[in-house]
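With our numbering as the guide, the letters of the sequence shown map in order to residues 10 to 263.
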Amino acid sequence: MLSIRLLGPPAIERDGRPVRPPRGRKAWALLGYLVLAERPPSRQRLAELLFADADDPLGALRWTLAELRRALGPTGVDLGGDPVTVAFGPDVTVDVQQYVGDSAVSGSLLDSDGELLEGLQLASPDFESWLLVERHRVSALIEARLHEAAVALLAAGHAREAVAYAARAVAANPLEQGNQELLVRSLSMAGDRRAALRQIAICEDLLRRELGVPASPALRDAATTTSGSPMVPALSGRAAASSQLEAGRAAIVA
10 MLSIRLLGPP
20 AIERDGRPVR
30 PPRGRKAWAL
40 LGYLVLAERP
50 PSRQRLAELL
60 FADADDPLGA
70 LRWTLAELRR
80 ALGPTGVDLG
90 GDPVTVAFGP
100 DVTVDVQQYV
110 GDSAVSGSLL
120 DSDGELLEGL
130 QLASPDFESW
140 LLVERHRVSA
150 LIEARLHEAA
160 VALLAAGHAR
170 EAVAYAARAV
180 AANPLEQGNQ
190 ELLVRSLSMA
200 GDRRAALRQI
210 AICEDLLRRE
220 LGVPASPALR
230 DAATTTSGSP
240 MVPALSGRAA
250 ASSQLEAGRA
260 AIVA
């Protein structure tokens, strides 16, 4: 089993053991771009994006592709062509695809940690602009998926399990009141009213300090929720917008 981590510090593992990473930061940049691109990019586009300062940009791209193939191994990954495509076999997992892809696995959401290609910086304004947008998009999508998973668990009567997802959504975006209300509601439905009231106090203090606004009345109402009234708050803000944009993006690409 080959595991590719692009959230947090990038890394590769095979059967649970670290694999020697590809040489050069641009190898990770290239892999991340290929995994998340809406459509396969041409070699010329990649050369201009990542290797414009090289004496031979296309040659530098070929070398970096070879480095990636070496690190990823001879089986399970098909990487190459023009336009450049990357395809993964059934024994390969890529964390960012697990969390934000069309077939996202809700159970893996609790393992998501860190920003996309954490710590990576390149002297390429075009790539840095792309990375900034993708980091925001991926973070917002993970937040939305965490919220959705908690809502689904509440609807199914699994309040204790919902608490873990709601708590991760709050950690991802603590100023989103929809996440806070969901966590309070999950705690209340799980029978932990004391923790629900404590979370309300934390949220009220946070909103007052950071935004200078009071919490919505719905936050306190959430603490009175019982298993017979599992209404849950809808997301607003960046996660809701990102989820809607992603649906539109998927429809366009399809």
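Every residue, glycine too, gets a C-beta built ideally from N, C-alpha and C.
What's the C-alpha gap between residue i and residue j?
i	j	result
S132	W37	The amino acid occupying residue 132 in the given sequence is Ala; Ser does not appear at that position. Each residue's alpha carbon lies about 14 Å from the other.
L216	A227	14 Å
I209	L192	9 Å
D24	L40	20 Å
T233	V172	16 Å
G89	L129	23 Å
D201	E213	19 Å
S195	A231	9 Å
P27	A205	41 Å
P31	E22	12 Å
F136	R203	47 Å
E143	L125	8 Å
V147	P49	19 Å
S197	Y42	42 Å
For residue i, count the other beta carbons within 10 Å of its own beta carbon; 16 or more makes it buried, fewer makes it exposed. Which is it?
i	result
P19	buried
T73	buried
Q186	buried
D87	exposed
P219	Sequence inspection shows Glu at residue 219; the Pro mentioned does not correspond to that position. That one is exposed.
I261	Its pLDDT being 38, under 50, I261 is placed unreliably by the model, and the measurement read from it follows with that caveat. The residue is exposed, with fewer than 16 neighbouring Cβ atoms inside 10 Å.
E141	Strictly speaking, residue 141 in this sequence is Leu, with Glu absent from that position. Exposed.
Which residues bound the alpha helix (DSSP H) around residue i?
i	result
S148	134 to 164
G187	186 to 198
A232	Taken as a continuous stretch (DSSP letters only), A232 belongs to no alpha helix (DSSP H), as it is neither H nor E.
V109	104 to 109
L16	Counting along the chain, L16 falls outside any alpha helix (DSSP H), and DSSP gives it neither H nor E.
Return the chain-ordered list of same chain residues with a C-beta closer than 6 Å to the C-beta of residue i, the five sequence neighbours on each side being excluded.
i	result
A63	A69
R14	A20, D104
T102	S12
E170	L162
W139	none
How far does the beta strand (DSSP E) with residue i in it extend, from its first residue to its last?
i	result
G57	This sequence places Glu at residue 57; Gly is not what is there. No beta strand (DSSP E) holds E57; the alpha helix (DSSP H) holding it covers 52 to 59.
T73	Careful: T73 lies outside any beta strand (DSSP E), inside the alpha helix (DSSP H) at 66 to 81.
R177	No beta strand (DSSP E) holds R177; the alpha helix (DSSP H) holding it covers 168 to 181.
V44	Counting along the chain, V44 falls outside any beta strand (DSSP E), though it belongs to the alpha helix (DSSP H) covering 34 to 45.
G89	86 to 89
What residues in its chain sit with their C-beta under 8 Å from that of residue i, if we drop five residues either side in the sequence?
i	result
H156	Y174, A175, A178, G187, N188, L191, L244, A248
L118	Y108, I151, R154, L155, A158, Y174, R177
R229	I209
V222	L216
May I ask you to report which of helix, strand or coil DSSP gives residue i?
i	result
L129	coil
L11	strand
R26	strand
D9	This structure cannot speak to residue 9, because the chain is shown only from 10 to 263.
D214	helix
A96	strand
Note down, in chain order, each residue of its chain lying with its Cβ closer than 7 Å to the Cβ of residue i, except the 5 sequence neighbours on either side.
i	result
R52	L67, L70, D91, V93
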